[in-house]
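Read the structure below first, then the notes.
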Amino acid sequence: MSGEKLLGASSAPSVALSVRRGTVALLLAALVGLTTFFFLSGSGGGIAYAQGTITANVQGGDECNAEEWHFVITQIDKGETAPAFITVTWANGDTEEVPLDKVTGQTAHYATTLNLDSTVVSATADIYEGWSGTFNLSHGPCGGPTPTATPSATPSETATPSETATPSETAT
102 MSGEKLLGAS SAPSVALSVR RGTVALLLAA LVGLTTFFFL SGSGGGIAYA
152 QGTITANVQG GDECNAEEWH FVITQIDKGE TAPAFITVTW ANGDTEEVPL
202 DKVTGQTAHY ATTLNLDSTV VSATADIYEG WSGTFNLSHG PCGGPTPTAT
252 PSATPSETAT PSETATPSET AT
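The opening residue of the sequence shown carries number 102 in this note's numbering; numbering runs sequentially from there.
What follows is the structure, given as structure tokens:
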């Protein structure tokens, strides 16, 4: 009879076993969910892993500077958390990993003098979890390639009306 009590649907031991199985299943599901979350988010162990890829605002608003392309990432926690490089793509098809130039305060600076005769199509970087600043093209050449200077006539080479004789002046 004691065997019937353990296997019976209304017995206390089977209810306890059922509750334990449900609890174990719930805990196992929670563990799998948390593991998946940490795996996908790159978090865990107190180490700052990449939040993901961020994209710079490269449309308008940047000042003109024919000497370099300059990008900034603001609100960096510490200098060592700034991305080591950003990836820039230009309209001419070139892509470059631009290394970190410097960090001033909470701003990371990236500069390059390559592709000054093209325009920036995109710039991306991998950043740590929790970053909430801005990523912008600060300045670069405006309007594409700088036009080459064409020789112009100097005033001494240009005839002025007073130097040009008219037919009435030559007749007298």
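Cβ atoms here follow ideal geometry from the backbone N, Cα and C, with glycine treated the same way.
- Pairing residue 180 with residue 194, the inter-Cα distance amounts to about 31 angstroms.
- The beta carbons of residue 188 and residue 229 sit no closer together than 8 angstroms.
- With fewer than 16 other Cβ atoms inside 10 Å of its own Cβ, residue 215 counts as exposed.
- Assignment of beta strand (DSSP E) within the segment 210-247, counting only whole runs of 3 or more residues, yields 221-229, 236-241 in chain order.
- For residue 154, the CB contacts under 6 angstroms within the same chain, skipping 5 residues up- and downstream, are 225, 227 in chain order.
- For the pair residue 202 and residue 211, the CB atoms are nearer than the 8 angstroms cut-off.
- Shown here, residue 197 sits in a strand according to DSSP, grouped into three states.
- Between the alpha carbons of residue 191 and residue 169 lies a gap of roughly 13 angstroms.
- Secondary-structure assignment with DSSP links residue 153 through a beta bridge to 228.
- Beta-bridge partners of residue 158 (DSSP): 237.
- Looking at the backbone, the Cα of residue 232 and that of residue 223 are separated by about 20 angstroms.
- No Cβ-Cβ contact shorter than 8 angstroms links residue 207 with residue 156.
- Rounded to the nearest whole angstrom, the CA to CA distance from residue 186 to residue 199 is 5 angstroms.
- When the Cα atoms are used, residue 243 and residue 213 turn out to be separated by approximately 15 angstroms.
- With a 10 Å radius around the Cβ and a threshold of 16 neighbouring Cβ atoms, residue 167 comes out exposed.
- Comparing alpha carbon positions, the residue from 171, 164, 221, 220 closest to residue 204 is 171.
- If the five residues before and after residue 236 are omitted, its C-beta is found closer than 6 angstroms to the C-beta atoms of 155, 157, 174, all from its own chain and listed in chain order.
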